[in-house]
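As structure tokens, the structure follows; a few thoughts come after it.
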Amino acid sequence: MNAKKNNGFRAAFGNAFLGFDYAFRTERNLKIHFTVAVLVITAGALLKVSALEWAILMLTIGAVFVTEMINTAIEYTVDLASPEKHDLARKAKDVSAGAVLIIAASSVIIGLIIFLPKLIALF
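Residue numbers (the working numbering): 8 to 130.
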């Protein structure tokens with residue numbers, strides 16, 4: 008096995024951007040998360056969230072993106088390691104998808120905690 012190593016800091020960043028670009032172009036759920044993130048950022052700007060609320064929102068958005076991308080990487084790896092149907096392969100994919108579900112549900116709750124009082128105050 009002759010794996011090619013990164014040729015430095017710049018190459019590592021380049022590979023990371025290529026990975027994000029590929030995931031964004033090919034993964035429907037990542038596009039959905041991106042759309043929701045744009046809506047959340049827009050709502051945050053319009054509703055004038057505090058610096059602490061911005062920090063929480065950015066960490067939450069980042070956690071959703073990271074979890075979705077790790078889920079995608081796990082799915083690719085499982086498909087490579089087990090191209091045939093296998094119960095353990097299905098379980099690995101289901102567990103990683105469950106992680107995305109948990110962070111997505113948590114992000115909705117965080118959004119409600121931050122935005123609901125501001126929206127109620129408008130009406």
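Here a beta-carbon is modelled for each residue, glycine too, at the ideal position from N, C-alpha and C.
Here the structure is a predicted model, which means the values were calculated and not measured.
- Per the coordinates, the alpha-carbon of A18 lies some 20 Å from the alpha-carbon of V73.
- Taken through DSSP and simplified to helix, strand or coil, N14 comes out as coil.
- CA-to-CA, the gap between T49 and L129 works out to about 16 Å.
- Per the coordinates, the alpha-carbon of I121 lies some 10 Å from the alpha-carbon of V47.
- Sequence-distant partners of V71 (beyond 5 residues in either direction) whose C-beta falls short of 7 Å from its own C-beta, in its chain, are H40, I110, A111, S114.
- Counting other Cβ atoms within 10 Å of its Cβ, T42 stays below 16 and is therefore classed as exposed.
- Per the coordinates, the alpha-carbon of L95 lies some 19 Å from the alpha-carbon of V107.
- One Cα belongs to I68, the other to E91, and the distance between them is close to 34 Å.
- Contact check for S103 and E82: beta-carbon distance about 7 Å, within the 8 Å limit, so the pair qualifies.
- Judged by beta-carbon spacing, T79 lies within the 7 Å limit of A30, meaning their Cβ atoms are closer than that value.
- Annotated as proximal: L54 and K125, with beta-carbon spacing under 7 Å.
- A residue is called buried when at least 16 other Cβ atoms come within 10 angstroms of its Cβ; G51 meets this threshold and is buried.
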